[in-house]
Amino acid sequence: KKYTKWLWKVEKKKTWKNFFYDLGTGGVAASVAKTINAPLERVKLINQTGAGKYNGLVDTLVKLPKEEGPLAYWRGNGANVIRYFPTQALNFAFKDAIKDKLMPEGKDAYTYWQQFGRGLAAGGIAGASSLVFVYPLDLARTRMSTDMGKGKDRIYNGLFDTCKKVYAEGGVRSLYKGFNISVAGIIPYRAVYFGGFDTLKALFLSDGRSNFWKKWALAQANTITAQFITYPIDTVRRVLMLAGKQGKDGKMNRNYKNAWECFQVVLKERGVKGIYRGSLANTYRATGGALCMVFYDTMKEYMGIK
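Oh and the sequence shown: position 217 is 1125 in the working numbering, straight run, nothing missing.
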């Protein structure tokens, strides 16, 4: 009995240790990947929300630095890293903690379908859980990235100023505009993002360890699939994040009763093509998500974390 009690304490200590390792490695991996990928992040948001008068990916990439300077590509990246570090750190930490509960080690070998199903469940729950904590930062980052102009021409002056002005629109509720549809989208996205990658590794990297580029190829294909499936939901939530925003001309962006009304309006005004506006940049941007997954997985290997 004493031995069992001691063993339980050791396992509990080990679990928490791994959780915080996951928190740190996931956050660092995410921050590096997001900074590398920042130009595509901003171009995607500008095209997706129609914030700038640009004609697609290349036109935006060419004109944006001419209009706002060479650092225009990284506008909002500081806020994005501040947001994304805890987002991915919590995602990875929650995902592994939940997966350990759903697929504890020492049990009989799991089939590929069992791994896939439980991986999807772990990824979806992890994504929804982390979103509760970081959503206001995501909303603020979206507002900053779509705030066009230089210096005094901009509406927002940094992360704190953005949060302050959004809060003034309607309190805490304003900081969570589009939250419900975001949860609806993050569950399938994270489910495929995490669960799909774990399944692909089990299928194609049976030794559990492989070179960086093989992992990246699998992660890239998996991330693009996850983003394409949920892109219409992402467009709706981004439009909702900008709802009620006061423009430089004093006009207010349209408010919507709910996500369904928003979807109907966007579909009517833009068409199906408009729902996927910015998706090309998003496809290239998938490199960041794939790199984040591979960096995290590689760091765990070197640190000896299962």
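Quick reminder that beta carbons are idealized off the backbone N, C-alpha and C, glycines included.
- For LEU965, the enclosing alpha helix (DSSP H) has its first and last residue at 964-976.
- Contact check for TYR981 and LYS971: beta-carbon distance about 12 Å, past the 8 Å limit, so the pair fails to qualify.
- For the options THR1206, PRO973, LEU969 and ASN1130, the alpha carbon positioned closest to that of ASN1119 is the one of THR1206.
- The C-alpha of LYS1072 is placed about 18 Å away from the C-alpha of GLY1158.
- Going by DSSP, TRP982 is part of no alpha helix (DSSP H) at all; its letter is neither H nor E.
- Closest in C-alpha terms to PHE1136, from the list TYR1164, LEU1113 and ILE1094, comes ILE1094.
- Counting of Cβ neighbours within 10 angstroms places THR1138 among the buried residues, the total reaching 16 or more.
- Between LEU948 and ALA941, the alpha-carbon positions lie close to 12 Å from each other.
- Boundaries of the alpha helix (DSSP H) around GLN1172: 1167-1183.
- Here DSSP, grouped into helix, strand and coil, assigns MET1149 to helix.
- In the three-state reduction of the DSSP assignment, MET1052 falls in the helix class, which pools H, G and I.
- Boundaries of the alpha helix (DSSP H) harbouring TYR1097: 1087-1098, taken from the DSSP string.
- The beta carbon of MET1201 sits closer than 6 Å to the beta carbons of PHE1105 and ALA1127 from its chain, once the five residues preceding and following it are set aside; these are given in chain order.
- Scanning its chain for C-beta atoms nearer than 6 Å, with the 5 sequence neighbours on each side dropped, one finds around THR995 the residues SER1038 and VAL1042, in chain order.
- Counted as a single uninterrupted DSSP element, the alpha helix (DSSP H) harbouring LEU953 occupies residues 946-957.
- Non-local beta-carbon contacts of SER1090 in its own chain, meaning distances under 7 Å to residues more than five positions away in sequence, involve LEU1039, TYR1043 and ARG1145 in chain order.
- With a cutoff of 8 Å on beta-carbon distance, ILE954 and THR968 are scored as near each other.
- Counting only residues of its own chain and dropping the five nearest sequence neighbours on each side, ARG1185 has a CB closer than 6 Å to the CB of ASN955 and GLN956.
- Only residues of its own chain outside the window of five on either side were considered, and among them ARG1049, MET1052 and SER1053 have a CB closer than 6 Å to the CB of GLY984, listed in chain order.
- The criterion of a C-beta distance shorter than 8 Å is not satisfied by ARG1178 and LYS952.
- Counted as a single uninterrupted DSSP element, the stretch harbouring PHE1102 is not any alpha helix (DSSP H), since DSSP gives it neither H nor E.
- In the DSSP annotation of this structure, the continuous segment of the alpha helix (DSSP H) that includes LYS1072 starts and ends at 1067-1078.
- Between LYS1085 and LEU1188 the beta-carbon gap is near 26 Å, outside 8 Å, which marks them as no contact.
- Here the C-alpha atom of ALA959 lies approximately 31 Å from the C-alpha atom of ALA1034.
- C-alpha of MET1056 to C-alpha of ALA946: approximately 16 Å in a straight line.
- Contact check for THR1143 against ILE1183 passes: the beta carbons are separated by less than 8 Å.
- CA-to-CA, the gap between LEU1083 and LYS1208 works out to about 34 Å.
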